[in-house]
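A.B. asks: Structure incoming, see below.
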Ligand SMILES: Nc1ncnc2c1ncn2[C@@H]1O[C@H](COP(=O)(O)OP(=O)(O)OP(=O)(O)O)[C@@H](O)[C@H]1O
Ligand SMILES: [Mg+2]
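Residue numbers (my numbering): 13 to 458.
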């Protein structure tokens, strides 16, 4: 149960902790609704005044035609329209007051409209005439605005009182009319109806507003969760990538130390047998096989952890890789690298990612592209590294659902450093793989 103070705050200002039906309303939500309603009312106020002015002036033109045959109506109606126009203009001027006071301008405009209508129709007919009923619709003017309940009740009462005062006040004959009491009761009933509809509308507006707020909160929560998850996945990817490179390095070292030594020892043994003249075709073949195994091991080691990258850096490593692949596939090639030493500002991880992208792209060219030429370009400009590998081959099948990991792992590697890989058709046929990587260290920002 809300306290009386809270209920009072809700009734008077539309603010406070409240439970409305199934809606549990937080003070902050009510406050936001209050501000939103006040602003919306302020925005609509001018529009309503323009509409009423337009309505008044527009129907003025038809008065002659519609009511010309009722000569006792015309003078009162014309004076009423002049007064209504003056009140409308005054209300318009009052909208220039600060936002907080605008509701007052609104109530002044509504009360003035009701008063002018009541005064005008009171001059034309009494409470028993149809003219009296013309005052009723204007009691609903407050519906255009959102209002706290107490303001709505008081405001509607003000409109009702103004209407009654200006209809009966200047005309003692109306007050003495036998139906005056019943007409007044009728007026009060209509005002109560307008207030009840208004309170219900306000409640409905509040519900719609709160639902919107709830949806906004949900969307914000969801956004925050997605962002947190993305950060988490990013950290994991980062970790996986670092671990993968470290493991490759360790494996390469193990293979080099264990297998490399064994193969060298075997080659020495074979060599010493050959030197002692104990050779034969079998021993020669064994020597050849050992040589091939040593070359194969070196290739595997290079793929696992290219020493050339560690020893010489990205530029020479790329050059070495391009020569090697172009040689293997009998491809023409063009290589465009930045000036010597420009790539030395890259961190080890950036250089590794770039090298792995070149390596995988070139391997794909050999395996899938059926190309005759490959172009490799590396650029480092304004804190961004760009690597492009283009071939003139058959191009990637559109909509291909590949089981391979090469493209996926390129994208993943780039992503861990905030970059991206785009694989797209080359304009003149073939495929273009582009890596872009932000390199803050190269700008001296790290
Ligand atoms: N340069 C290219 N030209 C034509 N097709 C390509 C090219 N690069 C990739 N593809 C196509 O895209 C597919 C996916 O390439 P991806 O590198 O991901 O996998 P993969 O090379 O098949 O296997 P792996 O996991 O060993 O790399 C390939 O199977 C191939 O069909
Ligand atoms: Mg591949």
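From the three backbone atoms N, C-alpha and C, an ideal C-beta is built for every residue, glycine too. Note that this is a predicted model, so its numbers are computed, not measured.
Is residue 262 helix, strand or coil by DSSP?
C.D. replies: helix
A.B. asks: Pick helix, strand or coil for residue 413, following the three-state DSSP scheme.
C.D. replies: coil
A.B. asks: Buried or exposed for residue 373, going by 16 or more other Cβ atoms inside 10 Å?
C.D. replies: When all chains shown are included, residue 373 counts as buried.
A.B. asks: Look at the alpha carbon of residue 353 and the alpha carbon of residue 332, and state the distance between them as a whole number of angstroms.
C.D. replies: One C-alpha to the other measures close to 16 Å.
A.B. asks: Within a Cβ cutoff of 8 Å, which residues of the same chain sit near residue 68, ignoring the five residues on either side of it in sequence?
C.D. replies: 93, 96, 97 and 100
A.B. asks: Between which two residues does the beta strand (DSSP E) carrying residue 463 extend?
C.D. replies: Absent from the model: residue 463. The displayed extent of the chain is 13 to 458, so no value can be given.
A.B. asks: In the DSSP assignment, the beta strand (DSSP E) including residue 346 goes from what residue to what residue?
C.D. replies: 344-348
A.B. asks: If you draw a straight line from the C-alpha of residue 396 to the C-alpha of residue 237, how long is it?
C.D. replies: 30 Å
A.B. asks: Less than 7 Å separating the beta-carbons of residue 404 and residue 385?
C.D. replies: yes
A.B. asks: Does the distance between the C-beta of residue 417 and the nearest non-hydrogen atom of ligand 1 fall short of 6 Å?
C.D. replies: Checking every heavy atom of ligand 1 against the Cβ of residue 417, one is found closer than 6 Å.
A.B. asks: Between the stretch 173-182 and the stretch 213-227, do three or more beta carbon pairs fall short of 8 Å?
C.D. replies: Contact fails: fewer than three Cβ-Cβ distances are below 8 Å.
A.B. asks: Taking 6 Å as the cut-off, does the CB of residue 414 come closer than this to any heavy atom belonging to ligand 1?
C.D. replies: True, at least one ligand heavy atom lies under 6 Å from that Cβ.
A.B. asks: Shorter than 6 Å, the distance from the beta carbon of residue 384 to the closest heavy atom of ligand 1, or not?
C.D. replies: no
A.B. asks: Just verifying my parser: in three-state terms, what is the DSSP assignment at residue 429?
C.D. replies: coil
A.B. asks: With the cut-off set at 7 Å, would you say residue 130 and residue 171 are in Cβ contact?
C.D. replies: no
A.B. asks: In the DSSP assignment, find the unbroken beta strand (DSSP E) run with residue 387 in it and report its ends.
C.D. replies: 385-393
A.B. asks: Any idea which residues DSSP pairs residue 396 with across the strands?
C.D. replies: 393 and 450
A.B. asks: Put residue 401 into one of helix, strand or coil per three-state DSSP.
C.D. replies: strand
A.B. asks: Can you find a heavy atom of ligand 1 that lies under 6 Å from the Cβ of residue 426?
C.D. replies: no
A.B. asks: DSSP three-state call for residue 445: helix, strand or coil?
C.D. replies: In this structure, residue 445 counts as strand in the three-state DSSP scheme.
A.B. asks: Got a sec? Which residues, its chain only, sit under 8 Å from residue 316 by beta carbon, not counting five neighbours each side?
C.D. replies: Here the set comprises 260, 261, 263, 264 and 267.
A.B. asks: Report the three-state DSSP secondary structure of residue 158 (helix, strand or coil).
C.D. replies: coil
A.B. asks: Would you check if the distance between the CB atom of residue 220 and the CB atom of residue 140 is smaller than 7 Å?
C.D. replies: By the CB criterion at 7 Å, residue 220 and residue 140 fall outside the cutoff.
A.B. asks: What do you reckon, are the CB atoms on residue 399 and residue 436 nearer than 7 Å?
C.D. replies: no
A.B. asks: Work out the CA separation of residue 335 and residue 321 for me, nearest whole Å.
C.D. replies: When rounded, the distance between both Cα atoms is 15 Å.
A.B. asks: Could you tell me the boundaries of the alpha helix (DSSP H) in which residue 143 lies?
C.D. replies: Neither: residue 143 is in no alpha helix (DSSP H) and is coded neither H nor E.
A.B. asks: Can you have a look at residue 186 and say buried or exposed, based on whether 16 or more other CB atoms are within 10 angstroms of its CB?
C.D. replies: buried
A.B. asks: Going by the beta-carbon positions, is the gap between residue 203 and residue 151 smaller than 7 Å?
C.D. replies: yes
A.B. asks: For residue 342, tell me which candidate among 378, 452 and 42 has the shortest Cα-Cα distance.
C.D. replies: 378
A.B. asks: Nearest to residue 425 by CA position, among 188, 381, 251 and 382, is which residue?
C.D. replies: 251
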